[in-house]
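Undergrad:
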Ligand code: SF4
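In structure tokens, the structure reads:
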């Protein structure tokens, strides 16, 4: 039987050797800022969701101002992030629900364990396990590894887990996650997924995980290097 924590450690070391230790802002962002940024980032690229987030920050002094903004108006402001109707509805709903609780913040989850905090956050419309776990990792420095499409694909190909959906992958992967490595593991896997282990035609010949990867359809034909600008949205919030 596989020693999953040891395998995660090994993969983490190989990724660090290839890509380095990912940069991280010294100051953690506000969890509510991070949650809104992550809602905006769903199904779009980091550059466009960052612009949408900045549009909101430039226009409103406080998130409470969104309470009186029409949803259609909000949709216009965040249009660049795509799915504007859906995302504006999720943000309006979130702000409205938090207002009913009292102060507009996510302070109520700071004393909860990881699992309970995620259970609380996914009660809000438009907030799934990936979005909730991003808040824990990037704004609360919890040792959880969010699973987006890149992390789901790569950890399943490598053979760390064997799951059909990102949410199932999240729960398997985080069952016994080794201490202190979630941020570098998560961030470097996204980079691996974007640059090397692409959905089709992965560049296995250039992959640092080649020797331990269990994927059956490896592509070992050398490929030309493409240059891709690395911008990680969730490490840029609050800077
Ligand atoms: S060896 Fe190939 S399939 Fe395996 S992780 Fe690397 S790029 Fe992906």
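Numbering (the working numbering), first residue to last: 1 to 239.
Where is the CB? At the ideal position from N, CA and C, for every residue including glycine.
Bear in mind the structure is a predicted one, so any value in this text is a computation, not a measurement.
#1: Could you check if residue 45 is buried or exposed, using at least 16 other CB atoms within 10 Å of its CB as the buried criterion?
#2: Looking at residue 32 and residue 136, is the spacing between their C-beta atoms short of 8 Å?
#3: For the region 6 to 91, which segments carrying the alpha helix (DSSP H) assignment without a break, of at least 4 residues, lie completely within its bounds, in sequence order?
#4: Apart from the five residues on each side of it in sequence, which residues of its chain come closer than 8 Å, Cβ to Cβ, to residue 148?
#5: Can you confirm whether the region 93 to 105 touches the region 56 to 68 when touching is taken to mean that 3 or more C-beta pairs between the two stretches lie within less than 8 Å?
#6: What separation, rounded to the nearest whole angstrom, lies between the Cα atoms of residue 154 and residue 124?
#7: Excluding the five sequence neighbours on either side, which residues of its own chain have a C-beta within less than 7 Å of the C-beta of residue 143, listed in chain order?
#8: Tell me which residues share the same chain as residue 187 and place their Cβ nearer than 7 Å to its Cβ, disregarding the 5 neighbours each side in the sequence.
#9: Grab the span of the alpha helix (DSSP H) containing residue 210 for me, first residue to last.
#10: Quick one: residues in its chain with C-beta nearer than 6 Å to the C-beta of residue 151, no 5 flanking neighbours on either side, listed in chain order?
#11: Tell me whether the beta-carbon of residue 196 lies closer than 8 Å to the beta-carbon of residue 4.
#12: Is residue 169 near residue 175, with beta carbons less than 8 Å apart?
#13: Got a sec: does the ligand SF4 put a non-hydrogen atom nearer than 7 Å to the Cβ of residue 103?
TA: Walking through what the data contain:
#1: exposed
#2: no
#3: 31 to 41, 46 to 59, 71 to 77
#4: 130, 166, 190
#5: yes
#6: 28 Å
#7: 177, 179, 180, 182
#8: 22, 232
#9: Careful: residue 210 lies outside any alpha helix (DSSP H) and carries neither H nor E.
#10: 189
#11: no
#12: no
#13: no
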